[in-house]
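Engineer: So the sequences go chain by chain: A and B.
Under the working numbering, residues 159 to 412 are what the first sequence spells out, in order.
Under the working numbering, residues 19 to 198 are what the second sequence spells out, in order.
All residues carry an ideal CB built from backbone N, CA and C; glycine is no exception.
In this text, all values refer to a predicted model and were calculated from it rather than measured experimentally.
My questions all concern the structure below.
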Amino acid sequence: MVEAFAVASGKGGTGKTTSTLALGMALAEEYDVTVVDADTGMANLLFHAGLADVETTLHDVLVEGGAPVEAATYERFGMRVVPCGTSLAAFEAAEPERLRAVVADLAADADVLLLDSPATLGSKSAILPIVLADRVVIVLQATIPAVSDGLKVQEYALSYGTDVAGTIFNRVRGDVESAAEKADRYFEGPLLATVPESEAAQQARAAGRPLLAHAPDSEAATAYRAAAARLDPRDGDSGDVADRFRSAVVPDPP
Amino acid sequence: MIPEGELLRSRVVTDLATALEDVLDRHLDGYAVLAPRETLLGAADGRGVLTFEDGVPACAYHVETDRGGPAALGDVGAGPYRFELYALEAAALEIAHDADELRVPPGMPAERLAGDPALATRTRRRAGVDADRPDDGGALEAFLEDEATVERIRESARREARRRAEEWGLGDALADRPDG
């Protein structure tokens, strides 16, 4: 039983990784959750999840004759976390097409699969998480370029038959309620949450802990829990998701 | 209303924050003309004008919509832009800067149009207003009120998604969309 979510935004700096782990931790109270750093070119998840020093990462799994995915899967904060490494050489050696099989294996064992997706739509491997996921969570900021890019993410997702689970206005500063309501009209899913800019999120990142572990009572953490409650993961056929990943078209090398 | 200034630079910018920061660092009196990509391609006259006093954004006006202030920032929309920067002595900008309906909060272009809150804070500090109080979502709201522009962005993204899917060999993964 699994539903795969891509957590995506068209641009960087929206707090996508913070959002992925926050949603993951909140959902982990009810579901078996696996979080994957699907941004193999700009690994970030490992720093947020206290995995910066681990020996084996997804990159080691994605090379020919590489490690089994279990070796790069870590039980942390009630979730299974599969980080990427930061070595450019390892990234270049990794073969992204292997990601499909890896994710298919992970899907077999999880209720909810969260794919922290690259902050770009500019390459085949970057959009693969959006292509493969059942639904996409679009992380926005209350700026014109971020919303504009979020609209593009939505159109890419819908073009591949991937539904929109909803939007999160993240790192919100100032009064943007009215703007968020106006944005909501253009997005298919609901506005899942408005998350205020939070020093706690930066401190959590520095401490290598997800926001919900570091500052569970913060306003931002509360907002993320509300967002997760609105996601309402669907029971899917895990075999179906696994097949989809396995059969997806092979992406170009990086 | 604004006489022509001395052209300092003209280039395509994807990161408006860098361009605004440069203006702030130069303490520039003058104005910038921003033309989004659509205008570059010869579509509607979507140029916006943003004036500066001592490097700080002061007024905004949009040529096609004839709107001023935060609404004009919304009308300018997302980049990339052709960014033309002109120097003009402050006295020549006085009439424009006296028009309340054209004024924008100093940090708003950085905060909402460029998406750079740190630059917005720096700009507000220079302007002598409360640096830590972020501007409201006025410019973003104005952008979202323009349904035709939003629909153009969506249509263009749909076309791009389909074109790239074919390029990337993902054509089989495309869904059938009536509007695709």
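Roughly how many whole angstroms lie between the Cα atoms of residue 153 of chain B and residue 139 of chain B?
Structural biologist: C-alpha separation (whole angstroms): 10 Å.
Engineer: By the criterion of Cβ-Cβ separation under 8 Å, what are the contact partners of residue 332 of chain A in chain B?
Structural biologist: What residue 332 of chain A touches in chain B: 129, 151, 152, 153, 154, 155.
Engineer: Quick one: does residue 303 of chain A have its CB under 8 Å from some CB of chain B?
Structural biologist: Residue 303 of chain A counts as touching chain B.
Engineer: If I measure Cβ to Cβ from residue 201 of chain A and keep anything under 7 Å in the same chain, skipping five residues before and after, which residues do I get?
Structural biologist: Cβ neighbours of residue 201 of chain A beyond the five flanking positions: 195, 241, 242, 243, 244.
Engineer: Give a yes or no on whether 8 Å exceeds the smallest Cβ distance from residue 289 of chain A to chain B.
Structural biologist: True, the Cβ-Cβ gap to chain B drops below 8 Å.
Engineer: Report the CB separation of residue 288 of chain A from residue 166 of chain A in whole angstroms; it is logged as a contact under 8 Å.
Structural biologist: Right, their Cβ atoms sit about 6 Å apart.
Engineer: Evaluate contact between the region 84-98 of chain B and the region 116-123 of chain B, counting only Cβ atoms and requiring at least three cross-stretch pairs below 8 Å.
Structural biologist: Touching, yes.
Engineer: Taking residue 297 of chain A as the reference, which of A:283, A:284, A:323, A:317 has the closest Cα?
Structural biologist: Measuring from the Cα of residue 297 of chain A, the nearest candidate turns out to be A:323.
Engineer: Using CA coordinates, which residue listed in B:134, B:76, B:141 is at the minimum distance from residue 112 of chain B?
Structural biologist: Closest option to residue 112 of chain B, Cα to Cα, is B:76.
Engineer: Which residues does DSSP list as the beta-bridge partners of residue 413 of chain A?
Structural biologist: With chain A covering only 159 through 412, there is no way to say anything about residue 413 of chain A.
Engineer: So which residues on chain A does residue 133 of chain B lean against when the C-beta distance must stay under 7 Å?
Structural biologist: Near residue 133 of chain B (Cβ distances below 7 Å), the residues of chain A are 299, 301, 303, 304.
Engineer: Could you check where the alpha helix (DSSP H) with residue 40 of chain B kicks off and where it finishes?
Structural biologist: Where residue 40 of chain B is concerned, the enclosing alpha helix (DSSP H) stretches over 34-44.
Engineer: Evaluate the contact criterion for the region 336-350 of chain A versus the region 274-290 of chain A: three or more CB pairs, one atom per stretch, below 8 Å.
Structural biologist: Result no; under three Cβ-Cβ pairs closer than 8 Å.
Engineer: Using DSSP with H/G/I as helix, E/B as strand and the rest coil, what is residue 150 of chain B?
Structural biologist: Coil.
Engineer: Taking C-alpha atoms, which residue in B:116, B:129, B:47, B:33 lies nearest to residue 199 of chain B?
Structural biologist: Outside the displayed span of chain B (19 to 198) sits residue 199 of chain B, for which this structure offers no information.
Engineer: Using only alpha-carbon positions, find the residue among A:353, A:401, A:174, A:218 that is nearest to residue 203 of chain A.
Structural biologist: When each option's Cα is compared against that of residue 203 of chain A, the closest is A:174.
Engineer: Give the C-beta separation of residue 305 of chain A and residue 68 of chain B to the nearest angstrom, bearing in mind that I take them to be a contact with Cβ-Cβ under 8 Å.
Structural biologist: Incorrect: roughly 20 Å between the Cβ atoms, too far for contact.
Engineer: So is residue 45 of chain B buried or exposed if we call it buried at 16+ other beta carbons inside 10 Å?
Structural biologist: Residue 45 of chain B comes out exposed.
Engineer: List the residues that DSSP assigns as beta-bridge partners of residue 80 of chain B.
Structural biologist: Bridge partners of residue 80 of chain B: B:66, B:85.
Engineer: Pull out every residue of the region 174-186 of chain A whose Cβ sits closer than 7 Å to any Cβ of chain B, in chain order.
Structural biologist: Within the region 174-186 of chain A, no residue has a Cβ that lies closer than 7 Å to any Cβ of chain B.
Engineer: Mind pulling the chain A residues with CB within less than 8 Å of residue 183 of chain B?
Structural biologist: Going along chain A in sequence order, the residues near residue 183 of chain B (Cβ under 8 Å) are 317, 318.
Engineer: Quickly, what does DSSP pair residue 54 of chain B with across the bridge? List them, please.
Structural biologist: DSSP, once it has assigned bridges, lists B:99 as partnering residue 54 of chain B.
Engineer: Over the uninterrupted alpha helix (DSSP H) stretch that includes residue 325 of chain A, give me the two end residues.
Structural biologist: From DSSP, residue 325 of chain A is part of no alpha helix (DSSP H) but of the beta strand (DSSP E) over 321-330.
Engineer: Cβ of residue 336 of chain A less than 8 Å from any chain B Cβ?
Structural biologist: True, the Cβ-Cβ gap to chain B drops below 8 Å.
Engineer: Could you name the residues of the same chain whose beta carbon sits closer than 7 Å to that of residue 412 of chain A, not counting the 5 residues immediately before and after it, in chain order?
Structural biologist: Bear in mind that the predicted position of residue 412 of chain A carries a pLDDT of just 45, short of 50, making it unreliable; the figure below should be weighed with that in mind. Only 199, 249, 250, 254, 283 meet the Cβ criterion.
Engineer: Along chain B, in chain order, which residues have C-beta atoms closer than 8 Å to that of residue 378 of chain A?
Structural biologist: Simply none; closest approach about 15 Å.
Engineer: Contact between the region 140-148 of chain B and the region 315-332 of chain A: three or more CB pairs below 8 Å?
Structural biologist: The region 140-148 of chain B is not in contact with the region 315-332 of chain A.
Engineer: Using a C-beta cutoff of 8 Å, does residue 53 of chain B count as contacting chain A?
Structural biologist: So no, residue 53 of chain B is outside the interface.
Engineer: Taking only beta-carbon positions, decide if residue 179 of chain B is within less than 8 Å of chain A.
Structural biologist: So yes, residue 179 of chain B belongs to the interface.
Engineer: Is residue 97 of chain B near residue 34 of chain B, with beta carbons less than 8 Å apart?
Structural biologist: Yes, Cβ-Cβ distance for residue 97 of chain B and residue 34 of chain B is below 8 Å.
Engineer: For residue 139 of chain B, report the span of its alpha helix (DSSP H) as first-last.
Structural biologist: Residues 135-145.
Engineer: Under 7 Å between beta-carbons, which chain B residues line up against residue 349 of chain A? List them in chain order, please.
Structural biologist: Simply none; closest approach about 13 Å.
Engineer: Quick check: the region 169-184 of chain A against the region 271-279 of chain A, are there 3 or more CB pairs under 8 Å?
Structural biologist: Because the criterion of three Cβ pairs below 8 Å is met, the region 169-184 of chain A and the region 271-279 of chain A touch.
Engineer: Using a beta-carbon distance cut-off of less than 7 Å, what residues from the region 160-171 of chain B approach chain A?
Structural biologist: Hits within the stretch, in order: 161, 162, 163, 168, 171.
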